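First up is the structure itself, then whatever we jot down about it.
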Amino acid sequence: MAVPTQRHTKSRRNKRRMHIFLRTPVFVKCSKCGRAILPHQVCPHCGYYKGVEVIDVLKKLSEKEKKKKRKEMKLKEAEQAKEGRGPLSLSKLSRSS
Numbered sequence: 017m018a019v020p021t022q023r024h025t026k027s028r029r030n031k032r033r034m035h036i037f038l039r040t041p042v043f044v045k046c047s048k049c050g051r052a053i054l055p056h057q058v059c060p061h062c063g064y065y066k067g068v069e070v071i072d073v074l075k076k077l078s079e080k081e082k083k084k085k086r087k088e089m090k091l092k093e094a095e096q097a098k099e100g101r102g103p104l105s106l107s108k109l110s111r112s113s
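In terms of this note's numbering, the sequence shown has 99 at position 83, counting the first letter as 1, and numbering is strictly consecutive.
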């Protein structure tokens with residue numbers, strides 16, 4: 017005949033579950049627009065990955081939205097140029113690695 021199981025205390029139960037929890041996602045800054053994105057992902061805001069345009073984000077937008085987005089991108093590039101870090105060229109990329 018089987019033996020009834022013993023009751024486990026809360027501390028014993030919680031010790032077992034100690035490693036079961038959600039981790040905060042890690043974000044990196046997009047090299048083109050500077051927004052926070054997941055690493056190794058195409059930026060959904062500007063469509064760039066590692067300094068190369070992969071997706072044409074403006075393609076699906078209406079004319080009014082395109083104009084607004086272009087203006088926003090120009091302002092962002094002007095800020096980067098003022099800071100001294102413009103878009104990365106192939107020579108800059110090869111030197112940094």
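Ideal Cβ placement from N, Cα and C applies to all residues, glycine included.
These figures come from a predicted structure and were not determined experimentally.
Per DSSP, Leu91 is one residue of the alpha helix (DSSP H) stretching across Glu79 to Glu99.
Taking a contact to require three or more Cβ pairs closer than 8 Å, the stretch 45-65 and the stretch 83-101 qualify as touching.
DSSP lists Val44 as the bridge partner or partners of Ile53.
Cβ-Cβ separation between Leu54 and Phe37: approximately 20 Å, too far for a contact (criterion under 8 Å).
Annotation for Lys31: the continuous alpha helix (DSSP H) segment containing it runs Lys26 to Arg32.
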